[in-house]
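Heads up: the sequence shown is residues 1056 to 1281, going by this note's numbering. Structure record follows, encoded as structure tokens.
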Amino acid sequence: MISDPYRVLGVSSDATEDELAKAYRRLAKVNHPDVNHGNPEAAKKMSDINAAYEQIKRGDVPQGGGGAYAGQGPGGRAAGTAGSSDPFGFGFDPFDLFSSFAGGQQRTQRPLGFDQVRMFINAGYPGEALKALSAISDKSAEWYYYSAIANSYAGNAITALQHARAAVQMEPGNPEYARALDQIENGGSAYQRQSRAYGMPRVDVSRLCLGVILTNLFCMFCGRPF
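What follows is the structure, encoded as structure tokens:
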């Protein structure tokens, strides 16, 4: 447990949810692994930032931390205000978006690593989500579900399909797992279809490839290969 999560985020203990979200977003942009290219110091700092933000959301602040979150117990201010924090500016809380996908289980009953997996998926970093999944030893149905989504988003269609099927086989009664499998089996990206429901942009890979082909043809006719 971080002794002073507010200090890690650089805010006072009475900071509002909006101030916490802005501080988190600012620090994440600076310390994200994709920006620092394997810098272990930045990776450690990003891990602390994630832990501090989640700890405040749970209300798990050590005595003496005071502030608006002290004494609120598990769930913190997140209870009853789901979606009110938005550290990435996407219009939803990255820790709450996929909360229903685990069959209604409470976060405290599940490995905390899944929170980080969801965060990376929501932020558009499937590679980082897969790295976080590799650190979770318990290969549960939920693990295979998130792996299917991350692999689908990363373009690993075969692995995504295999893991989506594994999730459904392990929990055949879970509608979210079944829906993801149906989307992947029909050639779609589970992540892209989920993200469109929340207003996130979708990249049409087929159009992008067509654009590259047309550019190459144009350059060939001009005598300048692309």
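Every residue gets a Cβ at the ideal spot worked out from N, C-alpha and C, and that includes glycine.
Output yes or no for whether 7 angstroms exceeds the beta carbon distance between residue i and residue j.
i: A1196; j: E1240; result: no
i: I1176; j: A1221; result: no
i: H1218; j: S1202; result: yes
May I have the straight-line CA-CA distance separating residue i from residue j, to the nearest angstrom?
i: G1182; j: V1066; result: 30 angstroms
i: A1079; j: N1094; result: In the sequence as displayed, the identity of residue 1079 is Tyr instead of Ala. One C-alpha to the other measures close to 19 angstroms.
i: A1291; j: A1233; result: Because the chain is modelled from 1056 through 1281, residue 1291 falls outside the range shown and cannot be assessed.
i: A1097; j: K1084; result: 11 angstroms
i: M1174; j: Y1180; result: 9 angstroms
i: Q1110; j: Y1061; result: 10 angstroms
i: N1229; j: E1072; result: 33 angstroms
i: T1214; j: A1070; result: 43 angstroms
i: G1210; j: E1231; result: 20 angstroms
i: A1212; j: D1237; result: 13 angstroms
i: W1198; j: V1090; result: 27 angstroms
i: D1170; j: G1114; result: 16 angstroms
Taking residue i and residue j to be in contact with their CB atoms under 8 angstroms, please state how far apart those CB atoms are, rounded to whole angstroms.
i: G1168; j: A1187; result: 6 angstroms
i: H1087; j: M1101; result: 6 angstroms
i: A1178; j: Y1200; result: So it is not a contact: roughly 18 angstroms between Cβ atoms.
Excluding sequence positions up to five away, which residues of its chain have a Cβ less than 7 angstroms from the Cβ of residue i?
i: V1063; result: I1057, D1103, I1104 and A1107
i: E1074; result: V1066
What residue from the options has the CA that sits closest to residue i's CA?
i: D1059; options: A1215, V1116 and A1209; result: V1116
i: G1242; options: V1090, D1170 and L1216; result: L1216
Sorted by chain position, which residues of the same chain lie with C-beta nearer than 6 angstroms to residue i's C-beta, five sequence neighbours on each side aside?
i: L1082; result: I1104
i: V1172; result: A1184, A1187, L1188 and Y1201
i: V1223; result: Y1232, A1233 and L1236
i: K1099; result: none
I'd like to know if residue i contacts chain B, where contact means its C-beta is closer than 7 angstroms to some C-beta of that chain.
i: A1083; result: No chain B is part of this structure, which consists of one protein chain only.
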